[in-house]
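Enquirer:
Chains as they are written, first to last, in this note's numbering: chain A, 85 to 192; chain B, 85 to 192; chain C, 85 to 192; chain D, 85 to 192.
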């Protein structure tokens with residue numbers, strides 16, 4: 085694998101981890117009602133990152149299209165998580181931003 | 085859920101089943117070398133159909149984009165499987181064509 | 085595929101749909117705090133049902149172990165959803181009970 | 085997350101990568117017929133590693149059961165890949181052994 089692939093894979097895994105940590109933590113928050121958007125998008129984003137990681141490593145003929153979709157979902161999740169001050173949300177927003185960028189590098 | 089959603093979900097599940105049946109059968113074929121493209125695309129297509137089924141049923145904000153990707157991968161898998169006379173390949177090609185059509189109806 | 089396989093596959097897909105419908109509906113509930121357990125288990129259960137559907141249709145050598153795990157997660161999700169009066173929870177609990185039973189028939 | 089979790093997650097991701105690299109490479113081998121078992125188990129193993137990575141990071145109530153299943157599938161994939169001299173098979177067999185060990189540490 086070349087560097088671009090390895091960096092994108094790493095960013096996808098770190099984003100999957102941050103999104104799932106945020107999903108778990110949001111479900112335990114006292115004021116969960118305001119976290120509903122986060123919970124939904126954390127799952128969406130973890131799932132597309134997992135799907136992209138599989139696609140990258142198996143040399144999928146559709147890796148470009150899948151990474152493009154991943155970047156789009158990372159953007160949405162990062163925007164929502166970025167609105168909340170919880171540490172798990174801020175970490176998730178940062179991981180989403182990095183993953184979206186790495187996925188765009190794959191497509192470029 | 086409305087009719088369009090239910091029809092797309094049904095088509096995705098039937099396509100997932102046909103692709104995975106074809107994957108299993110191709111791996112048992114005497115002349116497996118010529119089936120390598122089928123095996124690869126059967127997995128790609130089963131995975132995107134599974135992903136689309138999850139997206140449709142959880143009311144994903146990205147269901148349009150995911151169904152668009154699913155249609156594209158179904159097209160490729162159906163084209164490859166359609167080249168082979170094995171019954172499992174022909175059934176898979178037909179399921180791919182129906183699923184691509186149903187996914188395009190979702191996006192329309 | 086034989087009848088036992090087809091029935092288990094059908095039960096997994098219906099359970100996946102009911103769990104994801106419940107996940108989506110729980111996130112929109114006014115009193116979401118009491119639904120946190122449901123939301124978590126709906127995702128767990130939809131994911132294992134999706135995994136089992138893939139395993140059944142690709143003739144996985146581990147289909148017995150995967151269906152056993154699926155039955156266990158369906159039990160937990162069905163028990164949690166059964167505590168809530170929302171129609172989406174009651175439908176989910178029923179789908180989980182049927183899927184757990186079908187998975188146990190696969191393993192028997 | 086504690087150390088045991090982080091090590092298991094890392095081992096799952098490295099195993100997913102090795103299995104998918106091996107899947108891709110096996111499909112390109114001249115003597116693909118003898119690789120059919122590898123191709124099937126590479127997909128099984130990559131999928132359960134992906135599933136385990138999601139379970140670990142979202143604090144799944146079923147992480148023990150999922151890691152136990154993952155160890156079992158890694159054992160089978162590692163045994164099959166270990167029979168072949170291709171570098172991708174040997175690397176995969178080694179990743180499977182490490183992942184099975186890390187998953188057993190999670191369950192212990």
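Built from N, CA and C at the ideal position, the CB exists for glycine as well.
Cα-Cα, which of C:168, C:107, C:86 and C:190 is closest to residue 149 of chain C?
Expert: In the third chain, counting from the first residue as 1, residue 149 of chain C sits at position 65. C:190 is the residue among C:168, C:107, C:86 and C:190 whose C-alpha sits nearest the C-alpha of residue 149 of chain C.
Enquirer: Starting from residue 190 of chain C, follow the alpha helix (DSSP H) in both directions and report where the run begins and ends.
Expert: By 1-based counting over the third chain, the position of residue 190 of chain C is 106. It spans 171 to 191 - the alpha helix (DSSP H) in which residue 190 of chain C sits, taken as one unbroken run.
Enquirer: Taking 8 Å as the CB-CB cut-off, is residue 117 of chain A touching chain C?
Expert: Taking the first chain and counting its residues from 1, one reaches residue 117 of chain A at position 33. Yes - at least one Cβ of chain C is within 8 Å of the one on residue 117 of chain A.
Enquirer: 8 Å is my cut-off, CB to CB: does residue 127 of chain A come that close to chain C?
Expert: Here residue 127 of chain A refers to the residue found at position 43 of the first chain. Judged by the 8 Å Cβ criterion, residue 127 of chain A is in contact with chain C.
Enquirer: In the DSSP assignment, find the alpha helix (DSSP H) that holds residue 107 of chain A and state where it starts and stops.
Expert: Along the first chain, read from residue 1 onward, the residue named residue 107 of chain A stands at position 23. Here the alpha helix (DSSP H) through residue 107 of chain A covers 87 to 112.
Enquirer: Can you find the residues in the same chain that come closer than 6 Å, C-beta to C-beta, to residue 98 of chain C, ignoring five residues on each side of it along the sequence?
Expert: Locating residue 98 of chain C in the third chain gives position 14, where the first residue counts as 1. 179.
Enquirer: Determine whether the beta carbon atoms of residue 96 of chain A and residue 160 of chain A lie at a separation below 8 Å.
Expert: Taking the first residue of the first chain as position 1, residue 96 of chain A is located at position 12. Taking the first residue of the first chain as position 1, residue 160 of chain A is located at position 76. No.
Enquirer: Are there 16 or more other CB atoms within 10 angstroms of the CB of residue 167 of chain A, so buried, or fewer, so exposed?
Expert: Here residue 167 of chain A refers to the residue found at position 83 when the first chain is read from its first residue. Exposed is the call here.
Enquirer: Confirm, please, whether the CB-CB distance from residue 154 of chain A to residue 133 of chain A is below 8 Å.
Expert: Here the question's residue 133 of chain A lines up with position 49 in the first chain. Here the question's residue 154 of chain A lines up with position 70 in the first chain. Yes, they are a contact pair.
Enquirer: Which of the three DSSP states is assigned to residue 142 of chain D in this structure?
Expert: By 1-based counting over the fourth chain, the position of residue 142 of chain D is 58. Coil.
Enquirer: Between residue 133 of chain C and the ligand GTP, is there a pair consisting of the residue's CB and a ligand heavy atom that are separated by less than 7 Å?
Expert: In the structure on display, the ligand GTP does not appear, and there are no ligands present to speak of.
Enquirer: Assuming residue 150 of chain B is part of the alpha helix (DSSP H), what are its boundary residues?
Expert: Within the second chain, residue 150 of chain B is the residue found at index 66, counting from 1. That run of the alpha helix (DSSP H) goes 147 to 165.
Enquirer: Going straight from the alpha carbon of residue 164 of chain A to that of residue 142 of chain B, what length do you get?
Expert: As a working note, residue 164 of chain A is residue 80 in the first chain. As a working note, residue 142 of chain B is residue 58 in the second chain. Each residue's alpha carbon lies about 18 Å from the other.
Enquirer: How long is the line joining the alpha carbons of residue 93 of chain A and residue 100 of chain A, rounded to whole angstroms?
Expert: For the purposes of this step, residue 93 of chain A is identified with residue 9 of the first chain, where counting begins at 1. For the purposes of this step, residue 100 of chain A is identified with residue 16 of the first chain, where counting begins at 1. Spanning the two alpha carbons is a distance of roughly 11 Å.
Enquirer: Leaving out the 5 sequence neighbours to the left and right, which residues in its chain are closer than 6 Å to residue 90 of chain B when beta-carbon positions are compared?
Expert: Counting from 1 along the second chain, the entry for residue 90 of chain B is found at position 6. Nothing meets the Cβ criterion.
Enquirer: Could you tell me the alpha carbon to alpha carbon distance between residue 183 of chain D and residue 170 of chain C, rounded to whole angstroms?
Expert: Reading the fourth chain from its first residue, position 99 is the one you call residue 183 of chain D. Reading the third chain from its first residue, position 86 is the one you call residue 170 of chain C. One C-alpha to the other measures close to 42 Å.
Enquirer: Examine chain A for any beta-carbon lying closer than 8 Å to the beta-carbon of residue 86 of chain D, and answer yes or no.
Expert: One-based indexing of the fourth chain puts residue 86 of chain D at position 2. No, its Cβ sits nowhere closer than 8 Å to a Cβ of chain A.
Enquirer: Counting contacts by CB-CB distance shorter than 8 Å, is residue 124 of chain A in contact with chain C?
Expert: Counted from its first residue, the first chain places residue 124 of chain A at position 40. With 8 Å as the cut-off, residue 124 of chain A counts as an interface residue toward chain C.
Enquirer: At a Cβ cut of 8 Å, what residues of the segment 140 to 166 of chain D count as close to chain C, listed as they run along the chain?
Expert: Within the segment 140 to 166 of chain D, the residues whose Cβ lies closer than 8 Å to some Cβ of chain C are 142, 144, 145, 146, 149, 150, 153, 156, 157 and 160, listed in chain order.
Enquirer: Quick check on this structure: which residue in B:181, B:144 and B:158 has the alpha carbon closest to the alpha carbon of residue 105 of chain C?
Expert: The residue given as residue 105 of chain C occupies position 21 in the third chain. Answer by Cα proximity: B:144.
Enquirer: For residue 186 of chain D and residue 173 of chain D, I'd like the C-alpha separation in whole angstroms.
Expert: Along the fourth chain, one-based indexing puts residue 186 of chain D at 102. Along the fourth chain, one-based indexing puts residue 173 of chain D at 89. When rounded, the distance between both Cα atoms is 20 Å.
Enquirer: Between which residues of its own chain and residue 88 of chain D is the CB-CB distance below 7 Å, once the five residues before and five after are set aside?
Expert: Residue mapping note: residue 88 of chain D aligns to position 4 of the fourth chain, counting from 1. Sequence-distant Cβ neighbours of residue 88 of chain D in its own chain, meaning closer than 7 Å and more than five residues away, are 189 and 190.
Enquirer: Does the beta-carbon of residue 118 of chain C have 16 or more other beta-carbons within 10 angstroms, so that it is buried, or is it exposed?
Expert: What you label residue 118 of chain C is simply residue 34 of the third chain in a count that begins at 1. When all chains shown are included, residue 118 of chain C counts as exposed.
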